[in-house]
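In mature numbering (1 follows the signal peptide of the UniProt record, and there is no 0), the protein residues as written are -25 to -1, 1 to 430. Don't be surprised by glycine CBs; every beta carbon is placed ideally from N, CA and C. Values in this document were obtained by computation on a predicted structure and should not be read as measured data. Each remark here refers to the structure printed beneath this line.
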Amino acid sequence: MSAAGKVRRLAAITLAAGAATTVVASGAANAWNGDRTNDVRHAIHGGKARNVILLIGDGMGDSEITIARNYSQGAAGRLNMDRLPLTGAYTTYALQKAHPDLPDYVTDSAASGTGWATGRKSYNGAISVTPDGKPQQTVLELAKRAGFRTGDVTTAELTDATPAVLSAHVTDRSCQGPTDMKACPANAKENGGAGSIAEQQVQTGADVYLGGGRARYGQTVQAGQFKGRTVIDQAKAAGYNVVTDVNGLQSARPGRDGRLLGLFSDGNMPQEWTGPLARTGGTEPSRCAPNAQFSGPHLTQMASKALDVLDGQTRGSRKGFFLQIEGASIDKRDHSADPCGQIGETVEFDRAVKLAMDYARRHPDTLVVTTADHGHTSQIIPLDAQSPGQTATLVTDEGAQMKINYATNPAGQSQEHTGTQVRIAAQGPQAANVVGVTDQTELFTTLTRALGVRH
Ligand SMILES: [Zn+2]
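Here it is in structure tokens:
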């Protein structure tokens, strides 16, 4: 090891020790902290929450969390999400479309999101409809009807599955804009349906929508009052302040009665980090780098704005807000066997978790839940393993090598989700309901019970 390497390693060890001290002081989970009985007891609160912040790391299985932790905090370090006081695991399976009495063991984001958004399991591709295509009320719709303010933030297209399950009902996730309706004829406006995901999001009327997907919203409405105009026009008519870049986001002041729609890229938003893609036979040991093409805003900037707007809109009123924040591209970079891409997204997502935890510290009547929608491909394997799949070796911040394997599909094809249970962790009112092994449909019950909304 070079002298610089030694210094870096020492610095990393000092940092890790510093982190350990902080953890002990704050009483969060740690093996060397001895008896946690009182910490856990103090973390348990029933009752109602004024606010609910739900953070979804798309495709963020235990393996993806561990990879990001090893790289950025060190094996002995802890991410922000690791410091939530109550943790459990939940099952994610979907139902088979043709045989809904049988499970589909590997879910997609649509079926998975339908589970926590509506409390009902469905088939892969379903956006908050039952296996027979019937719309089910979502937690966001129920919260809004009960007088809560609502927000939906993502790094994907706003019309992608995870943001869509809260705010739309279509029989296929591909029906994102008014000219994308081939797979959902019954939902199309021209056939008397409620329209595409983008149109329905405007009609649902969450107070804050922030993400990508400008091209979907730029499509032309095919029927009804806004026929011949774009969904962006429809949104403006519905009172949305539409912004398209970081400056617009930061200067937006929607006020108490205004709504905010941020569309920051035509498709999904750019990734935070870049590095070598995994390949057959492996890579040289490499470091990750910030993405030079990144054109913001970061997930944390969107999350922070959403919290500001919703907090301002609910100040002085009895009801708070429901906000979902998705780190979408952990999944998308995992599909592409891009370890640095997925780590950068996980690290940024984890910073958004910290924002939520900081908000909850100032507003203890806030339920914060962090979870994933499904597991994914990436695995940490021994450096000398001869994987038949694609691998990349990274040099972590603490100076060690970590070999990451992607082997759910041959090289050149998209890597796949996996059917494993995933982590769910929480703090605040009703957080104890995530402890143990639950199913993601039970998260719907936890959220609606915390908000005190009936379904
Ligand atoms: Zn995926």
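According to DSSP, which residues form a beta bridge with residue i?
i, result
"Leu185", "Val128, Gly237"
"Phe123", "Answer by DSSP bridge pairing: none, since Phe123 is not bridged."
"Trp91", "Trp91 pairs with nothing; no bridge assigned."
"Val412", "Ala64"
"His20", "Pro404"
"Thr249", "Ala264"
"residue 434", "It is not possible to answer for residue 434, since the shown part of the chain is limited to -25 through 430."
"Ala101", "Partner(s): none; Ala101 has no beta bridge."
"Leu54", "Leu54 is not bridged to any residue."
"Arg254", "Thr366"
"Thr195", "Thr205"
"Val145", "Ile102"
"Ile399", "Gly63, Thr346"
"Ala69", "Asp79"
"Pro110", "Val104"
For residue i, does the count of other Cβ atoms within 10 angstroms reach 16, so buried, or fall short, so exposed?
i, result
"Leu77", "exposed"
"Thr146", "buried"
"Ser226", "exposed"
"Gln288", "buried"
"Arg429", "exposed"
"His74", "exposed"
"Thr371", "buried"
"His144", "buried"
"Ala85", "buried"
"Tyr80", "exposed"
"Val412", "exposed"
"Ala181", "buried"
"Arg308", "buried"
"His351", "buried"
"Lys157", "exposed"
"Gly126", "buried"
"His310", "buried"
"Asp83", "buried"
"Glu259", "exposed"
"Thr255", "exposed"
"Val343", "buried"
"Ser270", "exposed"
"His17", "exposed"
"Leu59", "buried"
"residue 519", "Since the first residue shown for the chain is -25 and the last is 430, residue 519 is missing from the structure and cannot be characterised."
"Thr179", "buried"
"Ala3", "Because the pLDDT of Ala3 is 48, which lies under 50, any placement of that residue in the model is unreliable, and the number read from its coordinates should be weighed accordingly. Its Cβ being crowded by 16 or more others within 10 Å, Ala3 is buried."
"Ser1", "Bear in mind that a pLDDT of 44 at Ser1, under 50, signals an unreliable position, so the number given afterwards is only what the model happens to contain. With fewer than 16 other Cβ atoms within 10 Å, it is exposed."
"Ala131", "buried"
"Thr12", "exposed"
"Gly170", "buried"
Hey, quick one: how far does the beta strand (DSSP E) through residue i stretch, first residue to last?
i, result
"Met297", "According to the sequence displayed, residue 297 carries Phe and not Met. Per DSSP, Phe297 belongs to the beta strand (DSSP E) from 296 to 302."
"Leu29", "26 to 32"
"Asn216", "215 to 218"
Determine the extent of the alpha helix (DSSP H) in which residue i is found, giving its start and end residues.
i, result
"Ile174", "Before going on, a small fix: residue 174 reads as Glu here, not Ile. Segment 172 to 179, the alpha helix (DSSP H) holding Glu174."
"Ser38", "37 to 47"
"Ser226", "221 to 226"
"Ala327", "314 to 337"
"Thr154", "Note, Thr154: premise wrong, no alpha helix (DSSP H); not H, not E."
"Asp10", "Note, Asp10: premise wrong, no alpha helix (DSSP H); not H, not E."
"Ser279", "274 to 289"
"Val140", "136 to 142"
"Lys211", "206 to 212"
At 4 residues or longer, what runs of the alpha helix (DSSP H) sit wholly inside the stretch 347 to 394? Counting only runs of 4 or more, we get nothing.
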